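Peer 1:
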Amino acid sequence: MALVIEGLTVIYNTKGKQEPALQDIDLTIQTGEFVGILGRSGAGKSTLIRSINQLVKPVAGHVNWNGTDMTKLSGQALRQARREMGMIFQHFYLIPRLTALQNCVLGRFGYRPWWKNLLGIVTAREKEEALAALDRVGIGHLAHKRVDQLSGGQQQRVAIARVIMQKPKLLLGDEPVASLDPVTSNQVLDLIKEIHHSEKMTTILNLHDVELALKYCDRIIGLAHGRKVFDGSPRQVNDKVLEQIYQK
Ligand SMILES: Nc1ncnc2c1ncn2[C@@H]1O[C@H](COP(=O)(O)OP(=O)(O)OP(=O)(O)O)[C@@H](O)[C@H]1O
1 MALVIEGLTV IYNTKGKQEP ALQDIDLTIQ TGEFVGILGR SGAGKSTLIR SINQLVKPVA
61 GHVNWNGTDM TKLSGQALRQ ARREMGMIFQ HFYLIPRLTA LQNCVLGRFG YRPWWKNLLG
121 IVTAREKEEA LAALDRVGIG HLAHKRVDQL SGGQQQRVAI ARVIMQKPKL LLGDEPVASL
181 DPVTSNQVLD LIKEIHHSEK MTTILNLHDV ELALKYCDRI IGLAHGRKVF DGSPRQVNDK
241 VLEQIYQK
């Protein structure tokens with residue numbers, strides 16, 4: 001199962017001014033790849049990640065996922081396709097007043113009838129699965145704590161447990177360790193990599209830390225001014241490549 005991006009172009013309309021954020025991006029990512037996206041602030045990294053699952057709508061181009069063009073989907077079809085795409089964010093996007101367990105169960109919501117979600121009905125089996133997911137990310141003992149009482153690293157673990165519950169085929173990470181200290185960043189990336197392998201996922205992460213990207217990713221995509229300027233293995237990333245990626 002491959003992700004094939006062709007001619008992807010995103011233009012934001014800011015106060016009547018048309019700002020191109022991504023320009024004509026072509027990219028094919030094979031199943032099982034662990035890809036890091038590097039680039040200066042404003043290079044288009046978040047826009048690229050978010051246009052894969054259509055949180056951002058491109059003005060041109062295609063995002064083919066498993067033979068389906070995501071850009072053509074809307075409504076129920078888009079929701080179904082998104083179930084296969086898990087997402088983790090810099091600021092975790094958990095519901096603060098809910099417990100770790102309750103947040104984790106939200107990972108299954110895309111698979112349940114709307115009325116069950118509305119009524120907040122959670123089955124014993126879903127609870128069991130959520131507990132197992134929290135155990136797996138090392139915070140089973142915090143299952144009944146509200147997430148706003150957890151540390152950043154613990155909150156990101158809850159978000160990863162929520163992804164485990166969702167069982168996605170593609171994991172998209174928008175700066176998942178940018179708010180964490182260096183030790184916790186490594187622990188969280190170790191965990192993401194372990195789950196990537198065990199769940200046979202394809203993973204694409206925006207990372208602003210070059211060292212971490214080179215350590216964890218099998219492939220690096222460099223963006224500058226909304227264009228792809230590098231695509232290769234971490235071993236190929238030398239000073240000249242970094243200069244190209246981080247050009248002003
Ligand atoms: N919702 C938006 N409306 C208007 N312009 C936007 C919007 N989101 C991003 N942009 C602009 O698009 C460009 C790319 O932004 P994007 O957030 O994708 O970059 P980034 O590489 O992820 O940056 P950072 O590392 O700072 O998060 C920037 O010039 C940004 O100002």
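For the record, in the sequence shown the residue sitting at position 102 is 102 according to UniProt numbering, with numbers rising by one throughout. Note that the Cβ used here is the ideal one computed from N, Cα and C, for glycine as well. None of these values were measured; they are calculated from a predicted model.
Suppose contacts are defined by Cβ-Cβ distances below 7 Å. Is HIS196 in contact with PHE34 by that definition?
Peer 2: Mapped onto the sequence shown, residue 196 falls at position 196. Mapped onto the sequence shown, residue 34 falls at position 34. Contact: yes.
Peer 1: Count the other CB atoms within 10 Å of the CB of ALA124; is the residue buried (16 or more) or exposed (fewer)?
Peer 2: One-based indexing of the sequence shown puts residue 124 at position 124. Result: exposed.
Peer 1: In the DSSP assignment, what residue or residues form a beta bridge with VAL188?
Peer 2: Start at 1 with the first residue of the sequence shown, and residue 188 comes out as number 188. Looking at the DSSP output, VAL188 shares a beta bridge with no other residue.
Peer 1: Shortest alpha-carbon distance to LEU223 belongs to which of TYR216, VAL4, ASN13, ASP26?
Peer 2: To locate residue 223, count along the sequence shown from 1; it is residue 223. Selected option, being the one with the closest Cα: ASP26.
Peer 1: Cβ-heavy atom distance between THR14 and ligand 1 below 6 Å?
Peer 2: Counting from one through the sequence shown, the residue named residue 14 turns up at place 14. Checking every heavy atom of ligand 1 against the Cβ of THR14, one is found closer than 6 Å.
Peer 1: State whether the segment 58-76 contacts the segment 149-164, with contact taken as three or more CB pairs (one from each stretch) at a distance under 8 Å.
Peer 2: no
Peer 1: Under a three-way DSSP split, which group does GLN247 fall into?
Peer 2: One-based indexing of the sequence shown puts residue 247 at position 247. In this structure, GLN247 counts as coil in the three-state DSSP scheme.
Peer 1: Following the continuous beta strand (DSSP E) through TYR231, name the residue where it begins and the one where it ends.
Peer 2: By 1-based counting over the sequence shown, the position of residue 231 is 231. Looking at the sequence shown, residue 231 is not Tyr but Asp. First-last of the beta strand (DSSP E) with ASP231: 227-232.
Peer 1: Would you check if the segment 80-87 and the segment 123-140 touch, i.e. whether three or more CB-CB distances between them fall below 8 Å?
Peer 2: Result no; under three Cβ-Cβ pairs closer than 8 Å.
Peer 1: Reducing DSSP to helix, strand and coil, say where ASN117 ends up.
Peer 2: Along the sequence shown, one-based indexing puts residue 117 at 117. Looking at ASN117 - three-state DSSP - the assignment turns out to be helix.
Peer 1: Under a three-way DSSP split, which group does HIS62 fall into?
Peer 2: Taking the first residue of the sequence shown as 1, we reach residue 62 at position 62. If DSSP states are grouped into helix, strand and coil, HIS62 belongs with the strands.
Peer 1: Pick out the complete alpha helix (DSSP H) segments inside the segment 14-75, 4 residues or longer, and give them in chain order.
Peer 2: 45-52
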